[in-house]
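*Asks:*
Numbering (the numbering used here), first residue to last: 30 to 357.
1) For the region 184-242, which segments carrying the beta strand (DSSP E) assignment without a break, of at least 3 residues, lie completely within its bounds, in sequence order?
2) So, with DSSP's three-state summary, where would you put residue 119?
3) What number of angstroms, rounded off, separates the C-alpha of residue 181 from the C-alpha of residue 141?
4) Using the DSSP secondary-structure output, state which residues sit across from residue 157 in a beta bridge.
5) Taking C-beta to C-beta, are residue 150 and residue 210 nearer than 8 angstroms?
6) Pop quiz: residue 199 and residue 158 are said to be a contact at Cβ under 8 angstroms. What is the actual Cβ separation, rounded to whole angstroms?
7) Throw me the rounded Cβ distance for the residue 171 and residue 201 pair, which I believe falls under 8 angstroms.
8) Which value, in whole angstroms, describes the spacing of the CA atoms of residue 137 and residue 115?
9) Do residue 122 and residue 437 count as a contact pair if the criterion is CB distance below 8 angstroms?
10) Measuring only the C-alpha atoms, how far is residue 241 from residue 273?
11) Judging by CA-CA distance, which residue of 95, 91, 88, 229 is the nearest neighbour of residue 379?
12) Nearest CA to the CA of residue 169: which residue from 208, 129, 73?
13) Mind checking which residues open and close the beta strand (DSSP E) that includes residue 259?
14) What number of angstroms, rounded off, separates the C-alpha of residue 78 from the C-alpha of residue 167?
15) Going by DSSP, what residue range makes up the alpha helix (DSSP H) through residue 77?
16) Identify, in the order they occur along the chain, each residue of the same chain with its Cβ nearer than 6 angstroms to the Cβ of residue 235, setting aside the five sequence neighbours on each side.
17) Assuming contact is defined by CB atoms lying nearer than 8 angstroms, are residue 224 and residue 186 in contact in what I supplied?
18) The beta strand (DSSP E) that contains residue 101, what's its start and end?
19) Alpha carbons only, please: which of 294, 276, 246, 308 is nearest the one belonging to residue 255?
20) Taking buried to mean at least 16 other C-beta atoms within 10 Å of its own C-beta, is residue 286 buried or exposed?
21) Count the other CB atoms within 10 Å of the CB of residue 306; is the residue buried (16 or more) or exposed (fewer)?
22) Going by Cα to Cα distance, which pick from 80, 299, 260 is closest to residue 311?
23) Closer than 6 angstroms by C-beta to residue 270: which residues in its own chain qualify, once you throw out the five before and the five after it? Chain order, please.
24) Could you check what DSSP says for residue 65 in three-state terms: helix, strand or coil?
25) Would a C-beta distance cut-off of 8 angstroms place residue 303 and residue 279 closer than the cut-off?
26) Report the partner residues of residue 320 according to the DSSP bridge assignment.
27) Using only CA atoms, which one of 206, 216, 90 lies nearest to residue 183?
28) Do residue 296 and residue 251 have their C-beta atoms within less than 8 angstroms of each other?
29) Quick check on residue 258: buried or exposed, where buried means 16 or more other Cβ atoms within 10 Å of its Cβ?
30) Which residue wins for smallest C-alpha separation from residue 175, given the options 253, 190, 192, 133?
31) Could you give the residue range of the beta strand (DSSP E) that holds residue 250?
32) With burial defined as no fewer than 16 other Cβ atoms inside 10 Å of the residue's Cβ, what is the status of residue 63: buried or exposed?
33) Have a look at residue 154 and residue 107 and give me their C-alpha separation to the nearest angstrom.
Here it is, written out as structure tokens:
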């Protein structure tokens, strides 16, 4: 009888110990997302330095800083002499979370890279599972691999809304790279068929130049690898695409995606004879068309439906003759 009581007692003790461990585990907090408010160029440089100094990751497990970033003022980066962007793609270091521009402009970006390393973007070199919204950027990027006006390389899922990039982008070297007015490359996805991107109410302006014919140039996106499902809507390009005899696409340079949907997108006529430069993926287009520069008037756009309603008397960046849309 005593042995039965001892055995029962041991089982009860073991059960209580397990219950205590489980209860302790349930109250252990998850790693919190870091909130950062950016008001100066130095704040942005500090954020980049913090993220870029993380330990290296791998192609299957990138090293990602999880941030909720809010831009609280217009920022002029012209005084930053060696801006290299957020993320170190060749070491699989990047950012995840949310980047909220709050309608502000980050201007004066100047990024020059002469080494044959990872993709470069006006702000981000490597992102994964991120939302970028309500942001305008302007400046220049000169590099040797994939270049994007805002993002160099995107992994996983990306949501971009109400964003404008007014950039001079120059690709000087390398082969099988590309330029995109907003995103240089969607590549190396970690989940087959699970990488979902939505770009809406966004625009790319400026001059995009590849000095190597094997590197295609796209108005919004450079290269989309397989495994990505990309939807672009209510967006436009007013840029000059220059490629020494190579491929250009008014909206996308090179598409090998699992799914690409383009809806209500327009671009300046004469930019390229193709909406997509090279298309080997699954693509659907609807209401995508070109406009001559003189036809980009408020009255013409307002007749095009709600997607193109304009702001009265407002021009994009106050430097172009094109009327700003209501979401700008």
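Even glycine gets a Cβ: it sits at the ideal position worked out from N, Cα and C.
*Replies:* For this structure:
1) The qualifying runs are 212-215, 224-229, 232-239.
2) DSSP places residue 119 in the helix class (H, G or I) of the three-state scheme.
3) Cα to Cα, residue 181 sits roughly 13 angstroms from residue 141.
4) For residue 157, the pairing in a beta bridge is given by DSSP as 184.
5) Between residue 150 and residue 210, the CB-CB gap reaches or exceeds 8 angstroms.
6) Between residue 158 and residue 199 the Cβ distance is about 29 angstroms, and since that is not below 8 angstroms, they are no contact.
7) Distance from residue 171 to residue 201 at the Cβ level is roughly 6 angstroms; contact confirmed, criterion being Cβ atoms closer than 8 angstroms.
8) Each residue's Cα considered, the two are about 16 angstroms apart.
9) Residue 437 lies beyond the residue range present for the chain, which begins at 30 and ends at 357; the question has no answer from this structure.
10) Approximately 6 angstroms between the Cα atoms of the pair.
11) The requested residue 379 is not part of the displayed model; the chain covers only 30 to 357.
12) Answer by Cα proximity: 208.
13) According to the DSSP assignment, residue 259 belongs to the beta strand (DSSP E) that extends over 257-272.
14) Distance between the alpha carbons of residue 78 and residue 167 is about 21 angstroms.
15) Annotation: the continuous alpha helix (DSSP H) that includes residue 77 extends over 70-81.
16) In chain order, 195, 196, 197, 268 place their CB closer than 6 angstroms to the CB of residue 235, counting only its own chain and leaving out the 5 sequence neighbours on each side.
17) Yes.
18) Per DSSP, residue 101 lies in no beta strand (DSSP E) segment and is marked neither H nor E.
19) Of the listed residues, the one whose Cα sits closest to residue 255 is 308.
20) By the neighbour-count criterion, in which 16 or more other beta carbons inside 10 Å mark a residue as buried, residue 286 falls on the buried side.
21) Buried, because 16 or more other Cβ atoms sit within 10 Å of the Cβ of residue 306.
22) Answer by Cα proximity: 260.
23) 237, 246, 277, 300, 301, listed in sequence order.
24) DSSP places residue 65 in the strand class (E or B) of the three-state scheme.
25) Yes, the pair counts as a contact, with Cβ atoms nearer than the cut-off.
26) Residue 320 is bridged to 297.
27) Checking every option, the nearest Cα to that of residue 183 belongs to 216.
28) For the pair residue 296 and residue 251, the CB atoms are not nearer than the 8 angstroms cut-off.
29) Per the 10 Å Cβ criterion, buried.
30) When each option's Cα is compared against that of residue 175, the closest is 253.
31) Note, residue 250: beta strand (DSSP E), 250-253.
32) Exposed.
33) The C-alpha of residue 107 is placed about 19 angstroms away from the C-alpha of residue 154.
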